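Data first, discussion second: the structure below is written as structure tokens.
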Amino acid sequence: MTIDMVEIETNTTVLADEFIAHRLGMIPIDSTDVERIKYTRDCTCSQYCSECSVELTLHVKCTEDRTKIVTSKDLVSNNPQFQPVVEDKNDQGILIVKLRKGHELKLKCIAKKGVAKEHAKWSPVSGVAFEYDPYNKLRHTHYWIEEDAGKEWPVSGNAKLEAEPNPDAPFDYNAKPDRFYIETETVGSLKPEDVVSMGMKTLLDKLGYVQMQLKEELASHQQDQTGWSY
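As structure tokens, this is what we get:
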């Protein structure tokens with residue numbers, strides 16, 4: 001879930017409406033139960049509703065002489081299951097804008113479900129790494145070495161999960177990688193393990209759809225051939 005629409009009622013801050021809207025769109029929202037929300041394209045409503053969106057409001061006014069900090073913790077969600085991500089009780093939230101005396105910001109946001117292919121703001125992942133064969137037993141990686149390969153190219157932490165190879169063992173030309181390591185770092189909207197499992201599920205669903213279409217196409221082709229035979 002990510003803020004996709006912003007309706008600004010009052011903005012007397014030093015930042016333009018577009019600047020604030022962009023900052024709001026990059027605030028991660030807890031999406032643990034995102035599967036309960038429909039995509040807007042799959043919903044029967046005309047624009048948005050409670051089944052395909054979450055509404056967040058913000059109204060802050062500075063009445064003191066000192067600077068007032070407005071953060072993501074000031075956003076109020078109408079659905080308690082979808083709140084701006086806060087790491088711990090001491091986390092002040094993500095900065096949106098700073099107010100001085102007399103400044104006011106009042107707005108309404110609509111958060112929707114989406115994918116990063118549409119916009120990067122929907123990506124729950126901030127970093128990802130993929131590795132196999134940390135000891136390079138398969139020789140898929142060719143190292144440029146000056147003196148000592150062990151010192152110049154230290155193995156990754158994933159090497160602890162595999163047995164150290166025997167340098168005198170013969171090379172296996174038929175060996176293939178059978179263990180893969182995926183390291184995922186998220187922005188907080190989803191847990192890393194949830195990102196991987198949901199990604200695998202989506203991939204299986206897409207492959208299942210392709211398989212079903214191929215079977216239907218093959219059955220139709222065979223039926224056409226049978227119809228023309230005498």
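Numbering (full-length UniProt numbering), first residue to last: 1 to 230. Don't be surprised by glycine CBs; every beta carbon is placed ideally from N, CA and C. Just so we're clear, the structure is a prediction, and the values are computed from it rather than from any experiment.
Looking at the backbone, the Cα of residue 93 and that of residue 85 are separated by about 8 angstroms. Pairing residue 18 with residue 104, the inter-Cα distance amounts to about 16 angstroms. The C-beta of residue 1 has 16 or more other C-beta atoms within 10 Å across all chains shown, which makes the residue buried.
A check of alpha carbon separations from residue 16 across 139, 26, 173, 97 identifies 97 as the nearest.
Rounded to whole angstroms, the Cβ separation of residue 128 and residue 183 is 7 angstroms, and the two are in contact under 8 angstroms. By the C-beta density criterion, residue 62 is buried, having at least 16 other C-beta atoms within 10 angstroms. The bridge partners DSSP lists for residue 106 are 10, 59. Closest in C-alpha terms to residue 51, from the list 130, 82, 76, 65, comes 82. Cβ-Cβ distances below 7 angstroms link residue 26 to 121 in the same chain, with the five nearest sequence neighbours on each side left out; the list follows chain order. CA-to-CA, the gap between residue 134 and residue 53 works out to about 44 angstroms.
Secondary structure of residue 163 (DSSP, three-state): coil. Going by C-alpha positions, residue 188 is about 36 angstroms away from residue 150.
By the Cβ rule, the region 203–218 does not count as touching the region 137–147, because fewer than three pairs are nearer than 8 angstroms. Setting aside the 5 residues that flank it on each side, residue 8 is surrounded in the same chain by 17, 107, each with a C-beta closer than 6 angstroms to its C-beta; the list follows chain order.
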